[in-house]
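Asks: One structure is given below, represented as structure tokens, and several questions about it will come after.
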Amino acid sequence: MADETKPDTPAPKIVPQTGEATAAASTVRSPVAGATASAPPTGANPAATPHQTTTPAARPAAAPGPAAAATAGAHARPAAAAAPRPAAAPLPDLAGKTTSVASTGGAAAARTAPAPATAKAATRDPDDSSPLLTRRAWLGLAWGAFSAASAAALAATGRFMFPNVLNEPPQQFKAGFPTEYGVGVDERWKEKYGVWLVRTTDDIDNHVPGFYSLSVTCTHLGCTPNYLSAENKFKCPCHGSGFRLTGVNFEGPAPRPLERVRIVLAEDGQILVDKSRHFQRELGQWTDPEAFLKA
Amino acid sequence: MADTKTVAPKEGAGTRFWNWLTETQVWTSIFRHDRPDTDRGRVLVMLSNVFLHLHPVRIRKSGVKLRYTWCMGGLSFFLFLVLTFTGLLLMFYYRPTLEYAYTDIVGLREHVPLGIMREMHRWGAHAMVITVWLHMFRVFMTGSYKPPREFNWSVGVIMLVLTLLLSFTGYLLPWDQLAIWAITVGSNMARATPFLGHEGPGAQLLRLGDVPLIHAADDARFALLGGTFVGEGALLRFYVLHCVGLPLGIAVLMAVHFWRVRKDGGISGPL
């Protein structure tokens, strides 16, 4: 009968011992059914043995007689073995722990189909009033779903804090034609883009006339220095760092020169300033062809 | 003679870790009672937890019957929490000024991930108005306004008004045509406030000689709008009321409300 779960198990001896079991041996539904059939009290089913030592007391309403121990103890494993059961059936490891299923254990123990039981596994006995889900399984499902939804909401909330569009000036911009600039510091882009455009007749590192673009971020702690035209220097109001027009630091706590940003000629002949790439003098980067625009 | 030795019961790493964890100072300072498997343990859980202490340890069987309570009070509270949370998130992107208010609302839909955040806030607000009304209806139908619960009924009526005011103030914030004219129409009602509205009954009596004390620039409507028409002052005023003032008030009253529910014999039901 239930040997489809354990083909090598001897025919169960217990079934004839329970009258009601024999009478109702027609369908498979409860996990108990497989257990009774495949786990005789002799312990012949090795899979069932561990359970027999731990859980019999948990199921006082199980099948009477010698079947009780086997029914109670072996519920879990055979249930898993009889895989093609309805989706609504109790979870294997939970099924035996509730009295609702256990109370029908005696009768259910015998509702074991002759092979092939899989064909009838999907049908539910019309008289069966046991819940589709045990309380424990339902609570597990509910908490799992709640936790998953909460985690998803939390993740979405985190994503919410990172907008897809920024109302900030672009990293690169066209600064007009080189002929528009005289020698010296030009402050027209400082407010919006955070750079000075400087035209020099002899660069400190490249030794040719041309343009460079200085980032207005002080290398001490990140304030914005002022251009003091009378003193021909950049002076940071926060802690007094001073920089030459080349960007090289000469006074105050700033540890290194101001950074230059990428400056090239665009295809239309305009100056293109690109703040996404910085050049640091102490790393020898000011001689990079894109750090200085010869003109 | 064979040696005998004492063997300690085997403990897995998990058990040892659990024993260590539950004896740490951090753990014992958070969980100050045993598992709630006795009546005393359950009482301690409730009494020692700030979130649970408004709850009674036991409730009447009818209190958990959906058919009896409709869970409308609980749903109202839940929606309030949802609205608080989503509203807080919206505040990260919304600026209550004439220049930005409308574009920020559009940006919340177009530029920000999870563009339904504002919709959740909006629909949640509609839903809360509905659930609060249904809660009131249920309380009336079960006779739960009768003494000694009449005090809590009154608290509930105030919270109903606060809920409607929250809905009203939130209505202006998108700063579109619908919002501006809806608030224009709605706030015109304040003109007719007795004595305190400049078009209300009795307002003309409050005057010093020829000088009226109540006029368009100092009456109840002006206090609401921060101006004589729905403009920048109204937007900022409604924003502050919507995000801070009214939620604080309703939160305090909710604490009183829930506390009174418990003190006056639990959720509805016979006393």
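As you go down the protein sequences, you meet chains A and B in turn. Quick note: the first sequence uses the numbering used here, first residue 77, plus one each step. Quick note: the second sequence uses the numbering used here, first residue 3, plus one each step. All residues carry an ideal CB built from backbone N, CA and C; glycine is no exception. Just so you know, these numbers come straight off a predicted model, no measurement behind them.
Using a Cβ-Cβ cut-off of less than 8 angstroms, list which residues of the region 215-240 of chain A approach chain B; keep chain order.
Replies: Within the region 215-240 of chain A, the residues whose Cβ lies closer than 8 angstroms to some Cβ of chain B are 232, 233, 235, 236, 237, 238, 239, 240, listed in chain order.
Asks: Does any CB atom of chain A fall closer than 9 angstroms to the CB of residue 76(B)?
Replies: No, because no Cβ of chain A sits closer than 9 angstroms to the Cβ of residue 76(B).
Asks: So residue 261(B) is in the beta strand (DSSP E); what residue range does that whole segment cover?
Replies: Element bounds for residue 261(B): not the beta strand (DSSP E) but the alpha helix (DSSP H), 248-265.
Asks: Among all the DSSP beta bridges, which residues are the ones paired with residue 276(A)?
Replies: BP columns for residue 276(A) point to 286(A).
Asks: Considering only residues of the same chain and omitting the five flanking positions on each side of residue 366(A), which have a CB-CB separation below 6 angstroms?
Replies: Contacts found: 338, 340.
Asks: Specify the secondary structure class of residue 254(A) as computed by DSSP and reduced to three states.
Replies: Residue 254(A): helix per DSSP, three-state reduction.
Asks: Residue range of the beta strand (DSSP E) that residue 325(A) falls in?
Replies: Note, residue 325(A): beta strand (DSSP E), 325-327.
Asks: Quick one: grab the DSSP three-state call for residue 248(A).
Replies: If DSSP states are grouped into helix, strand and coil, residue 248(A) belongs with the strands.
Asks: So is residue 95(B) in contact with chain A if we call contact Cβ pairs under 9 angstroms?
Replies: Yes, residue 95(B) counts as interfacial toward chain A.
Asks: Report all residues from its chain with a CB closer than 7 angstroms to the CB of residue 48(B); omit the five preceding and five following residues, and keep chain order.
Replies: Contacts found: 54, 55, 57, 59.
Asks: Go through its chain and collect everything with a Cβ distance to residue 23(B)'s Cβ below 8 angstroms, but skip five positions before and after it.
Replies: Once the five neighbours on either side are set aside, the close Cβ partners of residue 23(B) are 29.
Asks: Have a look at the DSSP bridge pairing and note the partners of residue 210(B).
Replies: In the DSSP output, where bridge partners are listed per residue, residue 210(B) has 213(B).
Asks: Which of the three DSSP states, helix, strand or coil, is assigned to residue 370(A)?
Replies: In this structure, residue 370(A) counts as strand in the three-state DSSP scheme.
Asks: Could you please tell me which residues of the region 231-245 of chain B, in chain order, have their CB closer than 9 angstroms to any CB of chain A?
Replies: Cβ contacts with chain A: none found.
Asks: Please report the distance separating the alpha-carbon of residue 171(A) from that of residue 268(B).
Replies: Residue placement at residue 171(A) is flagged as unreliable, the pLDDT there being 43, under the threshold of 50; a coordinate-derived value is accordingly withheld.
Asks: Could you check what DSSP says for residue 232(B) in three-state terms: helix, strand or coil?
Replies: Three-state DSSP puts residue 232(B) in coil, outside helix and strand.
Asks: Taking the alpha carbon of residue 165(B) as the point to measure from, which residue in 150(B), 128(B), 179(B), 178(B) has its own alpha carbon closest?
Replies: Selected option, being the one with the closest Cα: 128(B).
Asks: Which residue wins for smallest C-alpha separation from residue 102(B), given the options 185(B), 6(B), 117(B), 238(B)?
Replies: Of the candidates 185(B), 6(B), 117(B), 238(B), the one whose C-alpha sits nearest the C-alpha of residue 102(B) is 238(B).
Asks: Quick one: Cα of residue 184(B) to Cα of residue 52(B), how far?
Replies: Their backbone Cα atoms lie some 41 angstroms apart in a straight line.
Asks: Check each candidate in 36(B), 115(B), 145(B) and name the one with the smallest Cα separation from residue 231(A).
Replies: It is 115(B).
Asks: Taking Cβ-Cβ distances below 9 angstroms as the criterion, which residues of the region 115-129 of chain B are in contact with chain A?
Replies: Cβ contacts with chain A: 115, 116, 119.
Asks: Could you check where the beta strand (DSSP E) with residue 353(A) kicks off and where it finishes?
Replies: 347-355 is the extent of the beta strand (DSSP E) around residue 353(A).
Asks: I want to see whether chain A comes within less than 9 angstroms of residue 112(B), judged by CB atoms only; does it?
Replies: It does; some Cβ of chain A falls within 9 angstroms.
Asks: Along the region 77-92 of chain B, where does the CB come closer than 7 angstroms to a CB of chain A? Name the residues.
Replies: Under the 7 angstroms Cβ criterion, the region 77-92 of chain B contributes 91.
Asks: Go to residue 106(B), then tell me how far its alpha helix (DSSP H) extends in each direction, as first and last residue.
Replies: Counting along the chain, the alpha helix (DSSP H) containing residue 106(B) begins and ends at 103-112.
Asks: State the Cα-Cα distance for the pair residue 97(B) and residue 332(A), rounded to the nearest angstrom.
Replies: Cα to Cα, residue 97(B) sits roughly 39 angstroms from residue 332(A).
Asks: Quick check on this structure: which residue in 12(B), 110(B), 79(B) has the alpha carbon closest to the alpha carbon of residue 241(A)?
Replies: Selected option, being the one with the closest Cα: 110(B).
Asks: Is the CB of residue 109(B) under 9 angstroms away from at least one CB in chain A?
Replies: It does; some Cβ of chain A falls within 9 angstroms.
Asks: Which residues does DSSP pair with residue 302(A) in a beta bridge?
Replies: Its beta-bridge partners are 311(A).
Asks: Can you check DSSP and say which residues form a bridge with residue 336(A)?
Replies: Looking at the DSSP assignment, residue 336(A) forms a beta bridge with 290(A), 355(A).
Asks: Going by Cα to Cα distance, which pick from 41(B), 75(B), 251(B), 245(B) is closest to residue 136(B)?
Replies: Here the closest residue by C-alpha is 75(B).
Asks: Which of helix, strand or coil does DSSP assign to residue 242(A)?
Replies: Three-state DSSP puts residue 242(A) in coil, outside helix and strand.
Asks: Note down the Cα distance separating residue 210(B) from residue 190(B), rounded to an integer number of angstroms.
Replies: Whole-angstrom Cα-Cα distance: 25 angstroms.
Asks: Could you tell me if residue 182(B) is buried or exposed, where buried requires 16 or more neighbouring beta carbons within 10 angstroms of its beta carbon?
Replies: With 16 or more Cβ atoms within 10 Å of its Cβ, residue 182(B) is classed as buried.
Asks: State yes or no: is the C-beta of residue 187(B) within less than 9 angstroms of the C-beta of residue 259(B)?
Replies: Against a cut-off of 9 angstroms, the Cβ pair of residue 259(B) and residue 187(B) comes out as no contact.
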